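A short worksheet on the structure shown next.
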DNA sequence: TCAAAAATAAGTATTAATACTTATTTTTTA
DNA sequence: TAAAAAATAAGTATTAATACTTATTTTTGA
């Protein structure tokens, strides 16, 4: 179970994010803060895995919050939420120690992907943001290019979040295309019973109870085209 | 069964389109032409419902072809295929009598939606194209605005293509969300047997044999969000 | 090289979906 | 207001999926 703390001065935003995460079993929103000092307190008392923090808040900015959180406990991963994709903000967030930067107009799918990528220890920056990064990195020394990956390279990590094996991922793709276990067995030259086990295991790993939920979840995480 | 004639000087393009349409039971590609005169002949002998025509061809341009076809038989609906979204081409196509304008880089989904919309008597213009239309209409008199609708307003007409009833469309949405017949019955306060019948009927109408194919097809046609 | 992980496959039950048909009651709408 | 269309629901069978467990054989990685 991945523990998440939400930091945003708008109740509506926190509530929206909470609603999205409530449908996902592997995540649990353990706390909410509406300002910086509260957030820092919460992180100390709850030691969450991920903090999702708005960049623009009264009193203390998200940048400062992330800076302080990272200084206190650098096992906590932070994702910045922002309205804008200005170079300034993004670079400052990275320097402060943020592992992700998401525009607020990102869809649910991208949002979940960002969390899944960051929770695996990778970094996530939404589409437009990555190009800004690339631009800024081109001017500097390239020693940290491997450390800052763009989301393009992270497509396959959603598979890892659920720890699917190669065969399971393969069967997932075939199953959501509408093939029955029998069809899949024939296609892969294995027994129907084997595909049943694979399907059972992968459904358990992904926490779904029928093929359609499997399909919907796989789509949400961008695991299928 | 909706009869379609393909007109394009490239064999590969015709073949690709044919392959897409072969998976769709409600359509049948009854003829192919590689140039204008051939196309006109085919339309006269086969009287198809829809002609899909490339705009740029040697000898006779797609615009001319559509013009002549419309003059001969104005029950035939035409969709223009183009590489470019230039104002010129689009406006000329509309004047020639085309009911749709599709960029060649449109995906399968958009392609199918365009055909479904046009086959119902509506007009379809792909995203970027609509803005050009709006721009050109703004300068002229607005008497023909209602005649030229953009694809945005056409979302619901795919439901009509399969002639789904209101209840069927409702059950489609619930079914693809992962709900079982029992769940749906409870939700709608009807018997499980009733939802089974609705599901059976709607699957028959859409020509699919399980929920996942139903899901995939509904997505293809933009019937579900 | 050897232990751990993955892939294979069978067993046993239960539940849900698919594939129809028939038939009554409501709604629409021409 | 009568006829057509839609929604309702039951019947009967068959097939497929779901929910496990156990167990053997391959692969693979440290």
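Residue numbers (this note's numbering), protein chains in the order written: chain A, 5 to 229; chain B, 5 to 229.
Cβ coordinates follow ideal geometry from the N, Cα and C atoms, glycine included.
Predicted model, so just to flag it, every value in this text is computed and none were measured.
Kindly indicate if chain A contains any beta-carbon less than 9 Å away from that of residue i.
i             : result
residue 82/B  : no
residue 220/B : yes
residue 159/B : Since pLDDT at residue 159/B reaches only 32, below the 50 mark, its modelled position is unreliable, and the value read off the structure follows with that caveat. No, residue 159/B does not count as interfacial toward chain A.
residue 152/B : Caution applies to residue 152/B, whose pLDDT of 37 falls short of 50 and renders its modelled position unreliable; the value that the coordinates give is listed next. Output row for residue 152/B: interface = no.
residue 23/B  : no
residue 200/B : no
residue 143/B : Low confidence applies to residue 143/B: its pLDDT is 40, below 50, so where it sits in the model is not reliable enough to give any reading.
Cβ of residue i less than 9 Å from any chain B Cβ?
i             : result
residue 217/A : yes
residue 213/A : yes
residue 95/A  : no
residue 114/A : no
In the DSSP assignment, the beta strand (DSSP E) including residue i goes from what residue to what residue?
i             : result
residue 7/B   : 6-11
residue 37/A  : 31-37
residue 82/B  : 81-86
residue 212/B : Taken as a continuous stretch (DSSP letters only), residue 212/B belongs to no beta strand (DSSP E), as it is neither H nor E.
residue 56/B  : 54-58
residue 1/A   : Nothing about residue 1/A can be reported from this structure: the residues present for chain A run from 5 to 229 only.
Taking residue i and residue j to be in contact with their CB atoms under 8 Å, please state how far apart those CB atoms are, rounded to whole angstroms.
i             : j             : result
residue 121/B : residue 57/B  : No, residue 121/B and residue 57/B are not in contact; Cβ-Cβ is about 17 Å, not under 8 Å.
residue 46/B  : residue 35/B  : 4 Å
residue 48/A  : residue 67/A  : Not really, about 19 Å apart at Cβ, beyond 8 Å.
residue 219/B : residue 219/A : 6 Å
residue 82/A  : residue 114/A : Not quite, the Cβ-Cβ distance comes to about 17 Å (not below 8 Å), so this is no contact.
residue 230/B : residue 13/B  : The requested residue 230/B is not part of the displayed model; chain B covers only 5 to 229.
residue 116/A : residue 224/A : 6 Å
residue 71/A  : residue 100/A : 4 Å
residue 6/A   : residue 54/A  : 6 Å
residue 172/A : residue 205/A : 6 Å
residue 32/A  : residue 8/A   : 7 Å
residue 118/A : residue 106/A : 5 Å
residue 178/B : residue 188/B : 5 Å
What span of residues does the alpha helix (DSSP H) with residue i cover, start to end?
i             : result
residue 120/A : 112-123
residue 49/B  : 40-50
residue 168/B : Segment: none, residue 168/B is in no alpha helix (DSSP H) and carries neither H nor E.
residue 66/A  : 66-76
residue 186/B : 185-192
Regarding residue i and the ligand PLP, is the C-beta to nearest heavy atom distance less than 8 Å?
i             : result
residue 227/A : Only the bare structure without any ligand can be found here, which leaves the ligand PLP out of the picture.
message: Output needed in chain order: residues of the region 173-197 of chain A with a Cβ under 9 Å from some Cβ in chain B.
response: Answer set for the region 173-197 of chain A: 179, 180, 181, 182, 183, 184.
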